[in-house]
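To keep things clear, I will list the structure first and then write my remarks on it.
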DNA sequence: TTAGGGTTAG
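In this note's numbering, the protein residues as written are 24 to 541.
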């Protein structure tokens, strides 16, 4: 038998019934992430008169699931029925998983229900389908029915509850495990973090019998999620002192914290540290660097990192375009949009790219260009505008004082105008001291939500609108209404770094110095 | 066969 390789697709030049060889080839291709090659190998195999067996089908079904090949997946399912392999336990489980990967949870359940005999792998696979899609009610039902749950079953349940931020349910399961492993502990820490209970997360973290890099990252990411950025950096520092080497996600978390704090100095140090760790060219880290430099005010450093990086993917492009938007560089953002689509890179913009581009147009006052892109999103980019895109356009029109266009867009859009869209409209009226249009916006907001449904921010914006136009009595009336409704506005505050120290400005209270604490 | 945040307007 002679194997010929062409573009990583294998052909047998001599028709040999060596099915085991083919199974090995297909399996390797799937493991390498080449689902398309695996399917094509299977087609070639069939051309040679060979048929799939109980080793081939699970791998093929996995390939179809991984690559979201719905039609191929359905055809393979049909073949298993025709050939009788659908009675095979492993193939039934593979079918269940394939439907799950295709996002067809109900079909996965059907495959599960059809199984006459279910082993623990089948039960766990069904549990995982529900837990990873956030359907914890169904997961509990399966978990309670299964005959003998193992450690994996318990861990799947905890991670499912962690994802939905259900700390109490997660803990109930956690406490039932006789021999917890590191996955159980890490998932439980995440459950606490995702439900906002940082104290308990910390307590658990301290009492863990062993920790790995994922345990540390769970703490860093948890603090980030809960907006405790300096705490996140503190944990990264502690990793350095301890024996755990931070990985690319630890560094990404640290950079993200710097971005949120606007701390360029710490960000630069973090960049140096990433270099010493050899992670400065990980795609995650590069994206976080581009974002950090832009958010900390240095768009030039941001561009430098972007241009130096050779393997630019959609995340990098989106990060730099959003960064340019933040800095009001409308034309530069448009230029990069064209560059990414050009043959050299050939990357297809997604909905996030377009949010960045539209906001760049908005900040740069490029009304015509923004409108043109928004109008051709479907045709040119194959992207249906979401509420966020409408929000950018309302912002763009409002900033350019084109209130009629903004109002018209709000009236015709297929969504109910949320707080952010109406807020964009209103804040532009405040800036331009435009009482007439501002009142229109107030009426729109009040009528869409009712007076009882107004947020504290909206009450204050109304008051600001009237105040900015010199209507002090009306402004006071809205403030009074806010106080009457029992809303206490949290004081606005901002952090700024001066010579390595953080200073906090709280509205109405001036400046406080801080030592790296929020 | 179970654990982890790269990019998202105002």
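The beta-carbon is built from N, C-alpha and C at its ideal position, and this holds for glycine as well. Because the structure is a prediction, the values reported are computed rather than measured.
Expressed to the nearest angstrom, what Euclidean distance is found between the alpha-carbon atoms of residue i and residue j?
i: residue 89; j: residue 421; result: 44 angstroms
i: residue 17; j: residue 110; result: Only positions 24 to 541 of the chain appear in the structure, and residue 17 is not among them; the question remains open.
i: residue 87; j: residue 439; result: 38 angstroms
i: residue 308; j: residue 259; result: 14 angstroms
i: residue 119; j: residue 177; result: 20 angstroms
i: residue 492; j: residue 451; result: 13 angstroms
i: residue 330; j: residue 63; result: 37 angstroms
i: residue 193; j: residue 98; result: 39 angstroms
i: residue 133; j: residue 54; result: 27 angstroms
i: residue 95; j: residue 164; result: 31 angstroms
i: residue 502; j: residue 486; result: 6 angstroms
i: residue 283; j: residue 265; result: 26 angstroms
i: residue 499; j: residue 462; result: 16 angstroms
i: residue 157; j: residue 150; result: 11 angstroms
i: residue 335; j: residue 325; result: 14 angstroms
i: residue 116; j: residue 409; result: 37 angstroms
i: residue 317; j: residue 247; result: 18 angstroms
i: residue 391; j: residue 398; result: 10 angstroms
i: residue 496; j: residue 506; result: 15 angstroms
i: residue 396; j: residue 459; result: 30 angstroms
i: residue 154; j: residue 179; result: 7 angstroms
Is it true that the CB of residue j sits closer than 9 angstroms to the CB of residue i?
i: residue 416; j: residue 441; result: no
i: residue 73; j: residue 114; result: no
i: residue 213; j: residue 185; result: yes
i: residue 504; j: residue 449; result: no
i: residue 46; j: residue 78; result: yes
i: residue 445; j: residue 467; result: yes
i: residue 276; j: residue 319; result: no
i: residue 175; j: residue 128; result: no
i: residue 240; j: residue 221; result: no
i: residue 251; j: residue 274; result: no
i: residue 183; j: residue 215; result: no
i: residue 313; j: residue 280; result: no
i: residue 338; j: residue 306; result: yes
i: residue 359; j: residue 344; result: yes
i: residue 419; j: residue 379; result: no
i: residue 8; j: residue 384; result: Since the displayed the chain opens at 24 and closes at 541, residue 8 lies outside it and no answer follows.
i: residue 188; j: residue 218; result: yes
i: residue 349; j: residue 322; result: yes
i: residue 423; j: residue 388; result: yes
i: residue 234; j: residue 181; result: no
i: residue 80; j: residue 108; result: yes
In three-state DSSP terms, what is residue i?
i: residue 250; result: coil
i: residue 424; result: coil
i: residue 268; result: coil
i: residue 321; result: coil
i: residue 111; result: coil
i: residue 313; result: helix
i: residue 81; result: helix
i: residue 234; result: coil
i: residue 104; result: helix
i: residue 139; result: coil
i: residue 242; result: helix
i: residue 492; result: coil
i: residue 442; result: helix
i: residue 125; result: coil
i: residue 412; result: helix
i: residue 57; result: coil
i: residue 537; result: Low per-residue confidence applies at residue 537: pLDDT is 47, beneath 50, and the placement is therefore not dependable, though the value from the model is reported in the following sentence. Reduced to three states, the DSSP call for residue 537 is strand.
i: residue 370; result: coil
i: residue 52; result: helix
i: residue 455; result: coil
Buried or exposed: where does residue i fall if 16 or more other Cβ atoms within 10 Å of its Cβ makes it buried?
i: residue 386; result: buried
i: residue 352; result: buried
i: residue 368; result: exposed
i: residue 152; result: buried
i: residue 56; result: exposed
i: residue 481; result: buried
i: residue 465; result: buried
i: residue 457; result: buried
i: residue 52; result: buried
i: residue 270; result: buried
i: residue 407; result: exposed
i: residue 139; result: exposed
Any alpha helix (DSSP H) of 4 or more consecutive residues that is wholly inside the region 327–356
337–349
Alpha helix (DSSP H) runs contained entirely in the region 269–299, provided each spans 4 or more residues:
271–284, 287–299
Could you tell me which whole alpha helix (DSSP H) segments of length 4 or greater appear in the region 142–229?
143–155, 159–168, 174–186, 190–199, 205–217
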